Structures are given as C-alpha cells and as structure tokens.
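Asks: Can you keep this structure in mind? I'll have questions shortly.
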Amino acid sequence: MALSGKATVAAAVMAAAVLMLFAGEASALTCGQVDSTLAPCVAYATGREKMLSQRCCGGVRSLNALARSTPDRKAACECLKSLARGIKSIDMGKVSGVPGKCGVSVPFPIALSTDCAKVH
Numbered sequence: 725m726a727l728s729g730k731a732t733v734a735a736a737v738m739a740a741a742v743l744m745l746f747a748g749e750a751s752a753l754t755c756g757q758v759d760s761t762l763a764p765c766v767a768y769a770t771g772r773e774k775m776l777s778q779r780c781c782g783g784v785r786s787l788n789a790l791a792r793s794t795p796d797r798k799a800a801c802e803c804l805k806s807l808a809r810g811i812k813s814i815d816m817g818k819v820s821g822v823p824g825k826c827g828v829s830v831p832f833p834i835a836l837s838t839d840c841a842k843v844h
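Heads up: the sequence shown begins at 725 in the working numbering, then just goes up one per residue.
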C-alpha cells in the first residue's frame with residue numbers, strides 16, 4: 725500500500741525527529757560551551773578576585789545542567805582540564821572547590837589528574 729504525499733512527508737519528518745533525538749543524546753558538549761559558561765570564574769581561579777561571583781556560580785550551575793549524559797560529562801571533564809592548562813597562574817585548589825561553593829555536586833574530582841575516560 726503506497727503512502728500519500730502528505731503521509732510520506734509526515735513519516736519522513738517523524739523519522740528525522742527520532743534520529744535527532746537519539747543523536748542529541750549521543751552528542752557531547754563542546755569546549756566552547758564549557759569555556760563560555762565558566763569564563764566568569766577565571767578571575768577567582770587566578771586570584772584576581774577574592775570572592776566567587778554570582779555569574780561564576782550561575783555558569784557552574786548551567787554547565788552542570790547541560791552535562792547530564794555520560795558523554796557530556798566526559799567532554800566537560802576533558803574541556804575543563806584543557807581550559808585549566810591554558811590559564812596561567814590558575815589555582816587548582818580554588819578551582820576544585822568552586823562547584824561545592826556554588827552548591828553543585830559534580831560526579832568527578834575537578835583536577836588535572838582526573839581520568840576523564842572513567843567519568844560516568
């Protein structure tokens with residue numbers, strides 16, 4: 725039984741929507757997203773500011789909300805490490821405490837030594 729033109733288009737749209745849904749689950753965060761959400765934290769992490777800003781904590785909460793799947797958390801971990809290596813005078817002791825100070829629980833340690841492949 726052949727589908728009408730409208731039914732064929734509707735079936736194609738539904739198939740595309742299902743594929744995008746599953747592809748969205750498999751896709752990971754980009755380092756650009758991680759960088760932009762955490763940019764307000766750099767001044768604190770480098771000692772230029774003594775207190776965490778609300779913008780920093782907002783970015784931490786936003787990143788935590790974005791990183792719900794395992795691929796996203798692994799990508800965030802790798803991006804965080806890459807970002808930290810690129811910032812001169814970063815204090816990783818301060819950085820590791822930022823999520824807790826912002827009221828966010830992160831499922832992996834924030835450290836350059838973290839094995840991101842083991843992040844779940």
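Even for Gly, the Cβ is constructed at its ideal location relative to N, Cα and C. None of the values given here were measured: they were computed from a predicted structure.
Do you know offhand how far L804's Cα is from P833's?
Replies: C-alpha separation (whole angstroms): 11 Å.
Asks: Report, in whole angstroms, the separation of the C-beta atoms of V828 and R785, which I expect to be a contact under 8 Å.
Replies: Confirmed, about 6 Å.
Asks: With a CB to CB cut of under 6 Å and the five nearest residues on each side skipped, what residues in its chain are close to L762?
Replies: G783.
Asks: Under 6 Å Cβ to Cβ from S777, same chain only, skipping five residues before and after it: list those, please.
Replies: Around S777: P764.
Asks: How close, in whole Å, do the beta carbons of G771 and S813 come, if the pair is a contact with beta carbons under 8 Å?
Replies: Confirmed, Cβ separation roughly 7 Å.
Asks: Counting only the same chain and skipping the five closest in sequence on each side, list residues whose C-beta sits under 7 Å from that of E773.
Replies: If we look at E773 and ignore the five residues flanking it on each side, its Cβ neighbours are A767.
Asks: For D796, count neighbouring C-beta atoms within 10 Å of its own C-beta (all shown protein chains included) and say buried if the count is 16 or more, exposed if not.
Replies: D796 comes out buried.
Asks: Below 7 Å CB to CB, which residues in the same chain sit around A791 once its five sequence neighbours on both sides are set aside?
Replies: Once the five neighbours on either side are set aside, the close Cβ partners of A791 are L753, R797 and A800.
Asks: Determine the DSSP secondary structure at R785, reduced to helix, strand or coil.
Replies: Reduced to three states, the DSSP call for R785 is helix.
Asks: Assuming R809 and L836 are in contact, meaning their beta carbons sit under 8 Å apart, how far apart are those beta carbons, in whole angstroms?
Replies: That pair is a contact at about 7 Å.
Asks: Taking DSSP as the reference, what is the three-state secondary structure of L836?
Replies: Coil at L836, not helix or strand.
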